[in-house]
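Trainee:
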Amino acid sequence: MLLDYLLQPNQLQQKRLLKKSQPVNLKSVTDCQLIALVGGGGKTTCAFTLAQQAKSKGLRVLITTSTKMYLPDPSLCDGFIDTSAITKENRDNDSYDYHIESADSGSLVLEQGVDPLSASRLNDTDHSLNTDNSINLTMGQHALPSARQLHPTGLLIFAYHGLVNSCDPQQKTKVNGLSKHEISSIKASGQFDIIFVEADGARRLPIKAPSRHEPCIPSDVDIVIAVTGCEVISQPISAELIHRWNEFTQVTGCKAGDVMDQQILGRLIAHPDGMFKQVPADCRRIWLINKLDLTSNYDDIKSLSSDLLARNGSLDGVCLASMQSAAPIFDLQLR
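Every letter in the sequence shown is one number past the one before it in numbering that gives the first Met the number 0, and letter 307, counting from 1, is 306.
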(Lines of atoms letter the chains of each structure in order from A and count residues from 1; the text may use other names and numbers.)
(Lines give C-alpha, C1' and ligand atoms only; values in the text may rest on other atoms or scores of the structure.)
Protein backbone atom coordinates (compact mmCIF):
# COMPACT_ATOMS: atom_id res chain seq x y z
CA MET A 1 0.00 0.00 0.00
CA LEU A 2 2.56 2.61 1.12
CA LEU A 3 5.31 1.18 -1.07
CA ASP A 4 3.13 1.43 -4.18
CA TYR A 5 2.64 5.13 -3.43
CA LEU A 6 6.37 5.66 -2.86
CA LEU A 7 7.17 4.16 -6.25
CA GLN A 8 4.94 6.59 -8.13
CA PRO A 9 6.87 9.21 -10.17
CA ASN A 10 7.12 12.69 -8.67
CA GLN A 11 5.04 14.76 -11.09
CA LEU A 12 5.95 18.04 -9.38
CA GLN A 13 9.67 17.47 -9.91
CA GLN A 14 9.08 16.55 -13.54
CA LYS A 15 7.22 19.81 -14.13
CA ARG A 16 10.00 21.81 -12.45
CA LEU A 17 12.69 20.14 -14.55
CA LEU A 18 10.73 20.69 -17.75
CA LYS A 19 10.85 24.44 -17.09
CA LYS A 20 14.64 24.40 -17.32
CA SER A 21 16.21 25.55 -20.58
CA GLN A 22 18.30 22.41 -21.09
CA PRO A 23 16.73 19.14 -22.31
CA VAL A 24 15.64 16.77 -19.55
CA ASN A 25 15.60 12.98 -19.73
CA LEU A 26 12.47 12.09 -17.76
CA LYS A 27 13.56 8.47 -17.60
CA SER A 28 16.46 9.49 -15.37
CA VAL A 29 14.01 11.34 -13.13
CA THR A 30 11.53 8.52 -12.62
CA ASP A 31 13.81 5.46 -12.59
CA CYS A 32 14.92 5.98 -8.98
CA GLN A 33 12.77 7.21 -6.11
CA LEU A 34 14.67 8.93 -3.28
CA ILE A 35 12.90 8.67 0.08
CA ALA A 36 14.14 10.53 3.19
CA LEU A 37 13.01 9.56 6.68
CA VAL A 38 12.96 12.14 9.47
CA GLY A 39 11.35 12.60 12.87
CA GLY A 40 10.96 10.29 15.84
CA GLY A 41 12.48 6.90 16.57
CA GLY A 42 11.69 3.94 14.36
CA LYS A 43 13.09 5.30 11.10
CA THR A 44 15.60 2.48 10.71
CA THR A 45 12.95 -0.21 11.15
CA CYS A 46 10.66 1.68 8.79
CA ALA A 47 13.38 1.91 6.13
CA PHE A 48 14.27 -1.78 6.30
CA THR A 49 10.64 -2.92 6.33
CA LEU A 50 9.84 -0.92 3.20
CA ALA A 51 13.15 -1.93 1.62
CA GLN A 52 12.44 -5.62 2.12
CA GLN A 53 9.01 -5.15 0.53
CA ALA A 54 10.63 -3.44 -2.46
CA LYS A 55 13.24 -6.17 -2.77
CA SER A 56 10.50 -8.81 -2.76
CA LYS A 57 9.05 -7.05 -5.81
CA GLY A 58 12.36 -7.53 -7.63
CA LEU A 59 13.67 -3.99 -7.13
CA ARG A 60 17.22 -2.86 -6.46
CA VAL A 61 17.16 -1.03 -3.13
CA LEU A 62 19.73 1.12 -1.34
CA ILE A 63 19.55 2.11 2.32
CA THR A 64 21.89 4.77 3.66
CA THR A 65 22.03 7.72 6.03
CA SER A 66 23.09 11.34 5.71
CA THR A 67 23.89 11.42 9.44
CA LYS A 68 25.23 8.52 11.48
CA MET A 69 23.60 5.22 12.35
CA TYR A 70 24.39 1.72 13.51
CA LEU A 71 25.69 -0.75 10.95
CA PRO A 72 22.85 -3.19 10.25
CA ASP A 73 23.11 -6.90 10.82
CA PRO A 74 24.46 -8.60 7.67
CA SER A 75 21.38 -10.82 7.55
CA LEU A 76 19.30 -7.74 6.64
CA CYS A 77 21.30 -6.88 3.50
CA ASP A 78 22.74 -8.52 0.43
CA GLY A 79 25.88 -6.43 0.75
CA PHE A 80 27.52 -3.21 1.88
CA ILE A 81 29.19 -0.26 0.14
CA ASP A 82 31.79 1.76 2.05
CA THR A 83 32.29 4.90 -0.04
CA SER A 84 35.24 6.06 2.09
CA ALA A 85 37.42 3.48 0.35
CA ILE A 86 36.50 4.86 -3.08
CA THR A 87 35.52 8.53 -2.91
CA LYS A 88 37.36 11.11 -0.85
CA GLU A 89 36.41 14.18 -2.85
CA ASN A 90 33.06 16.00 -2.85
CA ARG A 91 32.69 15.55 0.92
CA ASP A 92 31.06 18.85 1.72
CA ASN A 93 29.70 19.99 5.07
CA ASP A 94 26.34 18.31 4.68
CA SER A 95 27.34 15.26 6.73
CA TYR A 96 29.62 15.78 9.69
CA ASP A 97 30.29 15.27 13.37
CA TYR A 98 27.29 17.02 14.84
CA HIS A 99 25.27 13.98 13.83
CA ILE A 100 27.11 11.86 16.41
CA GLU A 101 23.91 11.25 18.38
CA SER A 102 21.88 9.97 15.44
CA ALA A 103 20.83 6.41 16.25
CA ASP A 104 17.28 5.15 16.15
CA SER A 105 17.14 1.39 16.32
CA GLY A 106 19.42 -0.55 18.60
CA SER A 107 18.11 -3.85 17.24
CA LEU A 108 19.48 -3.38 13.74
CA VAL A 109 23.21 -3.67 14.50
CA LEU A 110 26.08 -6.06 13.94
CA GLU A 111 26.20 -9.06 16.18
CA GLN A 112 29.22 -9.17 18.46
CA GLY A 113 32.40 -10.19 16.71
CA VAL A 114 31.20 -9.59 13.14
CA ASP A 115 33.81 -7.85 10.99
CA PRO A 116 32.22 -5.38 8.53
CA LEU A 117 35.08 -6.04 6.09
CA SER A 118 34.00 -9.65 5.78
CA ALA A 119 30.34 -8.65 5.96
CA SER A 120 30.83 -6.49 2.87
CA ARG A 121 31.32 -9.66 0.84
CA LEU A 122 28.20 -11.56 1.75
CA ASN A 123 27.53 -14.48 -0.61
CA ASP A 124 30.94 -13.87 -2.25
CA THR A 125 29.55 -10.66 -3.73
CA ASP A 126 31.75 -7.57 -3.95
CA HIS A 127 29.82 -4.30 -3.66
CA SER A 128 31.84 -1.14 -4.26
CA LEU A 129 31.38 2.32 -5.68
CA ASN A 130 33.27 3.38 -8.80
CA THR A 131 34.84 6.82 -9.05
CA ASP A 132 31.93 7.91 -11.27
CA ASN A 133 29.52 6.79 -8.51
CA SER A 134 28.24 3.82 -10.50
CA ILE A 135 27.94 0.51 -8.68
CA ASN A 136 30.52 -2.18 -9.36
CA LEU A 137 28.92 -5.52 -8.52
CA THR A 138 30.92 -8.64 -9.22
CA MET A 139 30.53 -12.23 -8.13
CA GLY A 140 33.86 -13.97 -8.40
CA GLN A 141 35.18 -12.98 -11.85
CA HIS A 142 31.73 -12.50 -13.35
CA ALA A 143 29.97 -9.15 -13.52
CA LEU A 144 26.43 -9.13 -12.20
CA PRO A 145 23.71 -8.13 -14.68
CA SER A 146 22.24 -4.65 -14.84
CA ALA A 147 19.44 -3.44 -12.56
CA ARG A 148 16.72 -4.35 -15.04
CA GLN A 149 18.18 -7.84 -15.57
CA LEU A 150 18.23 -8.51 -11.81
CA HIS A 151 14.44 -8.72 -11.61
CA PRO A 152 12.66 -10.55 -10.07
CA THR A 153 15.33 -11.51 -7.53
CA GLY A 154 15.79 -8.03 -6.05
CA LEU A 155 18.78 -6.64 -4.19
CA LEU A 156 19.21 -4.68 -0.93
CA ILE A 157 22.46 -2.81 -0.31
CA PHE A 158 23.50 -0.66 2.66
CA ALA A 159 25.91 2.22 1.95
CA TYR A 160 27.99 4.23 4.40
CA HIS A 161 31.17 6.33 4.57
CA GLY A 162 33.56 4.68 6.98
CA LEU A 163 33.26 3.70 10.62
CA VAL A 164 32.69 6.10 13.50
CA ASN A 165 34.08 3.63 16.03
CA SER A 166 36.21 0.53 15.77
CA CYS A 167 34.72 -2.94 15.55
CA ASP A 168 34.98 -3.48 19.28
CA PRO A 169 32.75 -6.45 20.17
CA GLN A 170 31.73 -4.55 23.31
CA GLN A 171 30.29 -1.69 21.25
CA LYS A 172 27.64 -1.35 18.60
CA THR A 173 29.34 -0.45 15.34
CA LYS A 174 28.33 3.00 14.15
CA VAL A 175 29.02 4.34 10.65
CA ASN A 176 29.21 7.75 9.01
CA GLY A 177 26.60 8.71 6.46
CA LEU A 178 26.97 9.74 2.84
CA SER A 179 27.00 13.38 1.84
CA LYS A 180 24.02 14.82 0.01
CA HIS A 181 26.21 15.05 -3.10
CA GLU A 182 27.05 11.34 -2.95
CA ILE A 183 23.41 10.36 -2.46
CA SER A 184 22.28 12.52 -5.36
CA SER A 185 25.03 11.11 -7.57
CA ILE A 186 23.98 7.54 -6.81
CA LYS A 187 20.37 8.43 -7.57
CA ALA A 188 21.35 10.03 -10.88
CA SER A 189 23.39 6.95 -11.86
CA GLY A 190 20.19 4.89 -12.13
CA GLN A 191 21.80 1.93 -10.39
CA PHE A 192 18.93 1.59 -7.91
CA ASP A 193 15.16 1.68 -8.19
CA ILE A 194 14.58 3.16 -4.75
CA ILE A 195 16.83 4.75 -2.11
CA PHE A 196 15.94 5.17 1.57
CA VAL A 197 17.90 7.80 3.52
CA GLU A 198 17.75 8.21 7.28
CA ALA A 199 18.16 11.99 7.48
CA ASP A 200 18.18 12.81 11.20
CA GLY A 201 18.30 11.23 14.65
CA ALA A 202 15.93 11.06 17.59
CA ARG A 203 17.69 9.01 20.29
CA ARG A 204 14.83 6.51 20.02
CA LEU A 205 12.31 9.07 21.30
CA PRO A 206 8.88 9.06 19.62
CA ILE A 207 8.74 12.69 18.48
CA LYS A 208 11.08 15.62 17.91
CA ALA A 209 11.67 19.00 16.39
CA PRO A 210 14.83 19.46 14.32
CA SER A 211 17.85 21.40 15.52
CA ARG A 212 19.44 24.17 13.44
CA HIS A 213 21.61 21.69 11.48
CA GLU A 214 18.84 19.17 10.84
CA PRO A 215 17.61 17.43 8.80
CA CYS A 216 20.20 16.58 6.14
CA ILE A 217 18.01 16.06 3.04
CA PRO A 218 19.25 15.93 -0.58
CA SER A 219 17.64 18.58 -2.78
CA ASP A 220 16.43 15.96 -5.29
CA VAL A 221 14.44 13.99 -2.71
CA ASP A 222 11.09 12.71 -3.99
CA ILE A 223 9.27 11.93 -0.74
CA VAL A 224 9.92 12.73 2.92
CA ILE A 225 8.39 10.45 5.54
CA ALA A 226 8.15 11.99 9.02
CA VAL A 227 7.84 9.33 11.72
CA THR A 228 5.97 9.80 15.01
CA GLY A 229 5.38 7.22 17.73
CA CYS A 230 1.67 6.96 18.57
CA GLU A 231 2.42 6.67 22.30
CA VAL A 232 2.74 10.46 22.63
CA ILE A 233 -0.51 11.38 20.85
CA SER A 234 -3.26 12.68 23.15
CA GLN A 235 -0.93 12.21 26.13
CA PRO A 236 0.60 14.77 28.54
CA ILE A 237 3.76 16.31 27.13
CA SER A 238 7.07 15.87 28.96
CA ALA A 239 10.66 16.60 28.02
CA GLU A 240 11.58 12.95 28.59
CA LEU A 241 9.47 11.89 25.59
CA ILE A 242 10.66 14.54 23.15
CA HIS A 243 13.98 14.91 21.34
CA ARG A 244 15.13 18.53 21.05
CA TRP A 245 12.82 19.79 23.79
CA ASN A 246 13.80 23.45 23.44
CA GLU A 247 13.22 23.43 19.69
CA PHE A 248 9.95 21.55 20.12
CA THR A 249 8.52 24.08 22.56
CA GLN A 250 9.61 26.98 20.34
CA VAL A 251 7.95 25.49 17.27
CA THR A 252 4.72 24.31 18.90
CA GLY A 253 4.31 26.82 21.75
CA CYS A 254 3.61 23.97 24.17
CA LYS A 255 4.79 23.52 27.74
CA ALA A 256 5.24 20.49 29.96
CA GLY A 257 1.91 19.05 31.02
CA ASP A 258 0.00 20.14 27.92
CA VAL A 259 -1.76 17.40 25.98
CA MET A 260 -0.26 16.41 22.61
CA ASP A 261 -3.43 17.34 20.77
CA GLN A 262 -4.40 18.23 17.22
CA GLN A 263 -3.41 21.87 17.66
CA ILE A 264 0.14 21.13 18.83
CA LEU A 265 0.70 18.44 16.21
CA GLY A 266 -0.71 20.75 13.54
CA ARG A 267 1.84 23.42 14.45
CA LEU A 268 4.65 20.89 14.29
CA ILE A 269 3.53 19.76 10.83
CA ALA A 270 2.99 23.25 9.39
CA HIS A 271 5.87 25.22 10.94
CA PRO A 272 8.83 25.89 8.59
CA ASP A 273 11.19 24.70 11.35
CA GLY A 274 8.98 21.79 12.32
CA MET A 275 8.35 18.24 11.14
CA PHE A 276 9.08 18.96 7.46
CA LYS A 277 11.85 21.51 7.87
CA GLN A 278 13.94 22.14 4.72
CA VAL A 279 11.79 19.83 2.61
CA PRO A 280 11.71 21.04 -1.03
CA ALA A 281 8.39 22.47 -2.19
CA ASP A 282 8.08 19.90 -4.99
CA CYS A 283 8.59 16.96 -2.63
CA ARG A 284 5.71 14.83 -1.37
CA ARG A 285 5.24 14.73 2.42
CA ILE A 286 3.94 11.73 4.35
CA TRP A 287 3.33 11.65 8.11
CA LEU A 288 3.78 8.09 9.40
CA ILE A 289 2.31 7.33 12.83
CA ASN A 290 4.03 4.19 14.11
CA LYS A 291 3.48 1.51 16.78
CA LEU A 292 -0.29 1.51 16.42
CA ASP A 293 -0.41 -2.14 17.46
CA LEU A 294 0.30 -0.92 21.00
CA THR A 295 -2.49 1.64 21.27
CA SER A 296 -5.99 1.26 22.65
CA ASN A 297 -7.30 4.41 20.95
CA TYR A 298 -6.71 3.61 17.28
CA ASP A 299 -9.98 5.17 16.14
CA ASP A 300 -9.21 8.44 17.92
CA ILE A 301 -5.74 8.63 16.37
CA LYS A 302 -7.15 7.87 12.92
CA SER A 303 -9.75 10.63 13.31
CA LEU A 304 -7.14 13.12 14.54
CA SER A 305 -4.78 12.31 11.67
CA SER A 306 -7.60 12.63 9.11
CA ASP A 307 -8.46 16.09 10.44
CA LEU A 308 -4.81 17.16 10.31
CA LEU A 309 -4.49 15.92 6.73
CA ALA A 310 -7.56 17.95 5.75
CA ARG A 311 -6.30 21.09 7.51
CA ASN A 312 -2.65 21.03 6.36
CA GLY A 313 -2.40 21.65 2.64
CA SER A 314 1.32 20.85 2.54
CA LEU A 315 0.71 17.32 3.83
CA ASP A 316 0.17 14.75 1.06
CA GLY A 317 -0.76 11.77 3.16
CA VAL A 318 -0.93 10.07 6.55
CA CYS A 319 0.13 6.46 7.09
CA LEU A 320 -0.99 4.52 10.18
CA ALA A 321 1.44 1.70 10.81
CA SER A 322 3.24 -0.73 13.03
CA MET A 323 6.50 -1.26 11.19
CA GLN A 324 7.55 -4.30 13.22
CA SER A 325 4.30 -6.17 12.52
CA ALA A 326 3.84 -8.85 9.88
CA ALA A 327 1.32 -6.57 8.13
CA PRO A 328 2.90 -3.18 8.93
CA ILE A 329 0.57 -0.76 7.11
CA PHE A 330 -2.82 -0.35 8.77
CA ASP A 331 -4.16 2.55 6.74
CA LEU A 332 -2.96 5.09 4.15
CA GLN A 333 -4.92 8.32 3.74
CA LEU A 334 -3.99 10.48 0.75
CA ARG A 335 -5.02 13.98 -0.19
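For glycine and all other residues, C-beta sits at the position ideal for the given N, C-alpha and C.
Can you tell me whether G176 is buried or exposed, with buried defined as 16 or more other CB within 10 angstroms of its CB?
Mentor: As a position in the sequence shown, residue 176 is number 177, starting the count at 1. Classification of G176: buried, given that the 10 Å Cβ count is 16 or more.
Trainee: Report, in whole angstroms, the separation of the C-beta atoms of P209 and D199, which I expect to be a contact under 8 Å.
Mentor: Taking the first residue of the sequence shown as position 1, residue 209 is located at position 210. Taking the first residue of the sequence shown as position 1, residue 199 is located at position 200. Contact holds; Cβ gap of about 6 Å.
Trainee: Would the C-beta of K171 count as close to the ligand COA, meaning under 6 Å from any of its heavy atoms?
Mentor: As far as ligands go, the structure on display features none, and thus does not contain the ligand COA.
Trainee: Counting Cβ pairs, one atom from each stretch, are 3 or more of them under 8 Å apart for the stretch 229-236 and the stretch 62-69?
Mentor: Taking 8 Å as the limit for Cβ pairs, the verdict is that the stretch 62-69 does not touch the stretch 229-236.
Trainee: Would C76 pass as a contact of F157 if the rule is Cβ separation under 7 Å?
Mentor: Taking the sequence shown and counting its residues from 1, the one referred to as residue 76 is at position 77. Taking the sequence shown and counting its residues from 1, the one referred to as residue 157 is at position 158. Cβ atoms of C76 and F157: closer than 7 Å.
Trainee: Would you mind reading off the limits of the alpha helix (DSSP H) that contains Q249?
Mentor: Within the sequence shown, residue 249 is the residue found at index 250, counting from 1. Looking at the DSSP string, the run of the alpha helix (DSSP H) that includes Q249 is 244-251.
Trainee: Grab me the residues of N24's own chain with a C-beta within less than 7 Å of its C-beta, minus the 5 sequence neighbours each way, in chain order.
Mentor: The residue you call residue 24 lines up with position 25 of the sequence shown. Summary for N24: the model assigns pLDDT 45, below 50, so the residue's position carries little reliability, and this model does not support an answer.
Trainee: In the DSSP assignment, the beta strand (DSSP E) including R283 goes from what residue to what residue?
Mentor: Residue 283 sits at position 284 when you count from the first residue of the sequence shown. Here the beta strand (DSSP E) through R283 covers 283-289.
Trainee: Given a cut-off of 7 Å, decide if H242 and K207 are closer than it, judged by their beta-carbon atoms.
Mentor: Mapped onto the sequence shown, residue 207 falls at position 208. Mapped onto the sequence shown, residue 242 falls at position 243. It is a contact, given that the beta carbons lie within the stated cut-off.
Trainee: Between the Cα of T82 and those of P8, S184, Q323, spot the shortest distance and give me the residue it belongs to.
Mentor: What you label residue 82 is simply residue 83 of the sequence shown in a count that begins at 1. Nearest option by C-alpha distance: S184.
Trainee: Alpha carbon to alpha carbon, how far is H270 from F79? Give it in angstroms, no decimals.
Mentor: Here residue 79 refers to the residue found at position 80 of the sequence shown. Here residue 270 refers to the residue found at position 271 of the sequence shown. Cα-Cα distance, rounded: 37 Å.
Trainee: Using only the alpha-carbon positions, how far apart do I36 and D272 sit?
Mentor: The residue labelled residue 36 in the question sits at position 37 within the sequence shown. The residue labelled residue 272 in the question sits at position 273 within the sequence shown. The sequence as given places Leu at residue 36; Ile does not occur at that position. About 16 Å.
Trainee: Closest to I285 by C-alpha separation, out of C253, Q262, D330, would be which residue?
Mentor: Counting from 1 along the sequence shown, the entry for residue 285 is found at position 286. It is D330.
Trainee: Using a Cβ-Cβ cutoff of less than 6 Å, which residues in the same chain neighbour R283 once the five nearest sequence positions on both sides are dropped?
Mentor: Reading the sequence shown from its first residue, position 284 is the one you call residue 283. I222, D315.
Trainee: Quick test of your reading: Y297 and L303, contact by CB under 8 Å. State the CB separation rounded to the nearest angstrom.
Mentor: Here the question's residue 297 lines up with position 298 in the sequence shown. Here the question's residue 303 lines up with position 304 in the sequence shown. With 8 Å as the limit, Y297 and L303 do not qualify as a contact, their Cβ atoms being about 11 Å apart.
Trainee: Please classify P235: does DSSP put it in a helix, a strand, or coil?
Mentor: Looking up residue 235 in the sequence shown gives position 236. It is a strand residue.
Trainee: Relative to the C-alpha of S324, which candidate in T44, L33, L2 has its C-alpha closest?
Mentor: The sequence position of residue 324 within the sequence shown is 325, counting from 1. Here the closest residue by C-alpha is T44.
Trainee: Taking D299 as part of the alpha helix (DSSP H), name the residues at either end of that continuous run.
Mentor: Within the sequence shown, numbered from 1, the residue matching residue 299 stands at position 300. Per DSSP, D299 belongs to the alpha helix (DSSP H) from 297-310.
Trainee: Determine the closest residue to L319 out of S313, L308, G312, with distance taken between C-alpha atoms.
Mentor: Locating residue 319 in the sequence shown gives position 320, where the first residue counts as 1. Among S313, L308, G312, the Cα nearest to that of L319 is on L308.
Trainee: Thinking C-beta only, is I34 closer than 7 Å to A50?
Mentor: The residue you call residue 50 lines up with position 51 of the sequence shown. The residue you call residue 34 lines up with position 35 of the sequence shown. Going by C-beta atoms, A50 is not nearer than 7 Å to I34.
Trainee: What are the boundary residues of the beta strand (DSSP E) that C318 is part of?
Mentor: In the sequence shown, counting from the first residue as 1, residue 318 sits at position 319. From DSSP, the beta strand (DSSP E) with C318 extends over 316-320.
Trainee: R334: buried (16+ other C-beta within 10 angstroms of its C-beta) or exposed?
Mentor: Numbered from 1 along the sequence shown, position 335 holds the residue referred to as residue 334. Looking at its Cβ environment, which holds fewer than 16 other Cβ atoms inside 10 Å, R334 is exposed.
Trainee: Is it buried or exposed for A225, if we count other Cβ within 10 angstroms and need 16 for buried?
Mentor: In the sequence shown, the residue the question calls residue 225 occupies position 226. With 16 or more Cβ atoms within 10 Å of its Cβ, A225 is classed as buried.
Trainee: When you compare each of N289, S295, I182 to C31 by their alpha carbons, which one comes out closest?
Mentor: One-based indexing of the sequence shown puts residue 31 at position 32. If we check each option's Cα against that of C31, I182 comes out closest.
Trainee: According to DSSP, is G189 helix, strand or coil?
Mentor: Reading the sequence shown from its first residue, position 190 is the one you call residue 189. Looking at G189 - three-state DSSP - the assignment turns out to be coil, as it is neither helix nor strand.
Trainee: State the Cα-Cα distance for the pair L58 and F247, rounded to the nearest angstrom.
Mentor: Stepping through the sequence shown from its first residue, residue 58 is reached at position 59. Stepping through the sequence shown from its first residue, residue 247 is reached at position 248. So the two alpha carbons sit approximately 38 Å from each other.
Trainee: Within the continuous beta strand (DSSP E) that includes A35, where are the two ends?
Mentor: As a position in the sequence shown, residue 35 is number 36, starting the count at 1. 32-38 is the extent of the beta strand (DSSP E) around A35.
Trainee: Return the CA-CA distance between N289 and G189, expressed in angstroms with no decimal places.
Mentor: What you label residue 289 is simply residue 290 of the sequence shown in a count that begins at 1. What you label residue 189 is simply residue 190 of the sequence shown in a count that begins at 1. About 31 Å.
Trainee: Determine the direct distance from the alpha carbon of P327 to that of G312, and round the result to whole angstroms.
Mentor: Sequence index remark: in the sequence shown, residue 312 carries index 313 (1-based). Sequence index remark: in the sequence shown, residue 327 carries index 328 (1-based). If you take the alpha carbons of G312 and P327, they lie about 26 Å apart.
Trainee: If distances are taken between C-alpha atoms only, which option among S321, P8, K173, G38 comes closest to Q277?
Mentor: To locate residue 277, count along the sequence shown from 1; it is residue 278. Selected option, being the one with the closest Cα: G38.
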